[in-house]
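**Q** If you scroll down you'll find the structure; I have some questions about it.
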Amino acid sequence: MAKKMNIPLVKVYMDEDIKKAVSEVLDSGWYILHEKTLEFEKKFAEFCKVKNAICVSSGTAAIFLSLQALDIKPGDEIIIPSFSFIATANQIIEVGAKPIFVDIETRTCNIDPERIRKAVTKRTKAIMPVHLYGHPADMDPILEIAKEKDLYVIEDACQAHGAEYKGRRTGGIGDVACFSFYPSKNMTVCGDGGAVVTNDDEIAEKVRRMRDHGRKDKYLFDMKGYNQRFNEIQAAIGIKQLEKLPKWNDARRKIAKIYTQALKDFVVTPVEEKWAKHVYHLYVIRTSKRNELREHLRKHGVSTLVHYPIPIHQQPVITSILGVQPTLENTEKVAKEVLSIPMHPALTEQEVEYISDKIADFSKKHE
Ligand SMILES: Cc1ncc(COP(=O)(O)O)c(C=O)c1O
């Protein structure tokens, strides 16, 4: 029998080069919104193939500032999937608007464009698809509805750095997009951090100013603003991580291929649509015996997580603010079945084989 391994779900990359870059910033005496931030913003915009990237304090801040820059107000409605991290909905509520939850399709677990149309009302101002787990949402029908109904499209790309939809990078498809650099993401700044990216210079300028108190000049403020700034240490780390991101995404894709080959007869494996480049932020399998499989893997030293066990529309904070929400059949079913198994670029073939064998053993015993 193979020796027991201990395999984490994710692992943050660190090397001497990154530590040296951090040390240089510490010695520079410049810590907030300075040259490193500008350099990282330029490089991240180029990576996303958009005109502007504005770094902010988190992915959540990116969503909040995007909503503010688009002038989303109390009474407005924003269409989102419920099968996501809660930040997407929280920020909509924070600006006084209402999230309208739409069900997902069960192939990629992304928002189902066919259901979006029915959810549009005269109060709808935007659609915010999430590119869940690193697989892009089906954007063309979403853009078509948005054009027809005069709505903004805000991409929640917090899990999809480098993913592609029909050859277009996520982040450059809608009016504005939000990224997170939280430590578990495909690239990180080793702390909280995020970015708003957009081809619209006016939106970019509003976000740039609102992240720093609405500052026009050193001590001139002529618009509402916040402190959601970015710091230079994180920018220095971001620059180094971004250089490696394409290679890491390739490694994730390679690992996903091995997993899928090994697991496809035992569990539901992730789909990559013909039109998509999936970057496998998470590798999420599905099984009706999710909790039992999770326990089995835990006993064998394999870390797992559930993204997400309680859909947003059923979270107590949401029902207490908005009231009980209508049932979303696919979302509620999938939430009981999903299991994220280890995925990061440093995962070895032996580890992938070990995890796959443990899942296969479990499935054979529970046929
Ligand atoms: C889909 C999604 N939206 C928003 C966020 C919020 O990002 P952050 O944690 O950087 O605030 C996250 C990250 O956790 C996310 O996964």
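Start counting the sequence shown at 323; every next residue gets the next number (my numbering). Even glycine gets a Cβ: it sits at the ideal position worked out from N, Cα and C.
Using the rule of at least 16 other Cβ atoms within 10 Å of the residue's Cβ for burial, across every protein chain shown, is Pro458 buried or exposed?
**A** With 16 or more other Cβ atoms within 10 Å, it is buried.
**Q** Please classify Ile354 as buried or exposed, where buried requires at least 16 other C-beta atoms within 10 Å of its C-beta.
**A** Ile354 comes out exposed.
**Q** Assuming Ile438 and Ile401 make a contact with CB atoms under 8 Å, what is their CB distance in whole Å?
**A** At roughly 6 Å, the Cβ-Cβ gap stays under 8 Å, so Ile438 and Ile401 are in contact.
**Q** Give the range of the alpha helix (DSSP H) segment to which Pro568 is assigned.
**A** It spans Glu554 to Leu585 - the alpha helix (DSSP H) in which Pro568 sits, taken as one unbroken run.
**Q** Hey, is the stretch 623-635 in contact with the stretch 483-495, meaning 3+ C-beta pairs nearer than 8 Å?
**A** Segments in contact, no.
**Q** Please classify Tyr541 as buried or exposed, where buried requires at least 16 neighbouring CB atoms within 10 angstroms.
**A** Its Cβ having fewer than 16 others within 10 Å, Tyr541 is exposed.
**Q** Return yes when at least one heavy atom of ligand 1 lies under 7 Å from the C-beta of Tyr504, else no.
**A** Checking every heavy atom of ligand 1 against the Cβ of Tyr504, one is found closer than 7 Å.
**Q** Return yes when at least one heavy atom of ligand 1 lies under 7 Å from the C-beta of Val498, else no.
**A** No; taking the cut-off as 7 Å, the Cβ of Val498 has no heavy atom of ligand 1 nearer than that.
**Q** Within the stretch 618-660, note down every full alpha helix (DSSP H) run reaching 4 residues or more, in order along the chain.
**A** Whole alpha helix (DSSP H) segments, 4+ residues: 638-644 and 651-657.
**Q** What residue from Ala558, Arg531 and Ile495 has the CA that sits closest to Val372's CA?
**A** Looking at the Cα atoms, Ile495 is the closest of the given residues.
**Q** For Thr520, which residues does DSSP report across the bridge?
**A** For Thr520, which the question treats as bridged, DSSP gives the partners Asn374.
**Q** Which first and last residues belong to the alpha helix (DSSP H) in which Lys680 is found?
**A** Element bounds for Lys680: Glu671 to Lys687.
**Q** Quick one: give me the first and last residue of the alpha helix (DSSP H) that Arg439 is part of.
**A** Where Arg439 is concerned, the enclosing alpha helix (DSSP H) stretches over Pro435 to Ala441.
**Q** Near Lys655, which residues of its chain fall below 8 Å by C-beta distance, leaving aside the five closest residues on each side in sequence?
**A** Excluding sequence neighbours, Lys655 sits near Thr428.
**Q** Report whether the distance from the Cβ of Val452 to the nearest heavy atom of ligand 1 is below 7 Å.
**A** Yes, ligand 1 has a heavy atom inside 7 Å of this Cβ.
**Q** Got a sec? Which residues, its chain only, sit under 7 Å from Ala482 by beta carbon, not counting five neighbours each side?
**A** The answer, listed in chain order, is His453, Gly456, Pro458, Thr492, Val601 and His603.
**Q** Shortest alpha-carbon distance to Ala558 belongs to which of Glu361, Ile414, Met461 and Lys333?
**A** The option with the nearest alpha carbon to Ala558 is Glu361.
**Q** Kindly provide the ranges of any alpha helix (DSSP H) runs that are 4 or more residues long and lie completely inside the stretch 450-538, ordered along the chain.
**A** List check, alpha helix (DSSP H) in window: 461-471 and 523-532.
**Q** At a cut-off of 7 Å, would you count Gln390 as near ligand 1, judging by its Cβ distance to the nearest heavy atom?
**A** No, ligand 1 has no heavy atom inside 7 Å of this Cβ.
**Q** Evaluate contact between the stretch 583-594 and the stretch 543-558, counting only Cβ atoms and requiring at least three cross-stretch pairs below 8 Å.
**A** The stretch 583-594, when compared against the stretch 543-558, does not touch it at the 8 Å Cβ threshold.
**Q** By how many angstroms is the C-alpha of Gly547 removed from the C-alpha of Val498?
**A** C-alpha separation (whole angstroms): 19 Å.
**Q** What residue does the alpha helix (DSSP H) around Glu338 start on, and which one ends it?
**A** Note, Glu338: alpha helix (DSSP H), Glu338 to Ser350.
**Q** Are at least three pairs of beta-carbons, each pair with one atom in the stretch 326-341 and one in the stretch 666-676, less than 8 Å apart?
**A** A contact exists between the stretch 326-341 and the stretch 666-676.
**Q** Grab the span of the alpha helix (DSSP H) containing Ile414 for me, first residue to last.
**A** Here the alpha helix (DSSP H) through Ile414 covers Ala409 to Glu416.
**Q** Would you report the Cα separation of Glu527 and Lys686, rounded to the nearest angstrom?
**A** If I take the Cα positions, the gap works out to 57 Å.
**Q** Leaving out five residues before and five after Glu651 in sequence, what residues of the same chain have Cβ atoms less than 7 Å from its Cβ?
**A** Correct list, in chain order: Asp425.
**Q** How close, in whole Å, do the beta carbons of Val660 and Arg616 come, if the pair is a contact with beta carbons under 8 Å?
**A** So it is not a contact: roughly 10 Å between Cβ atoms.
**Q** Contact check, Ser678 vs Leu585 under 8 Å by CB: the rounded distance?
**A** 6 Å between Cβ atoms; contact.
**Q** Distance, Cα to Cα, Arg445 vs Ile414?
**A** Approximately 14 Å, taken between the alpha carbons.
**Q** Using C-beta distances below 8 Å, list every residue in its chain close to Tyr474, excluding the 5 sequence neighbours before and after it, in chain order.
**A** Around Tyr474: Leu392, Lys447, Ala448, Ile449, Ala468, Gly496, Asp497 and Val498.
**Q** Which residue wins for smallest C-alpha separation from Ile525, given the options Ile376, Ile329 and Asp683?
**A** Closest option to Ile525, Cα to Cα, is Ile376.
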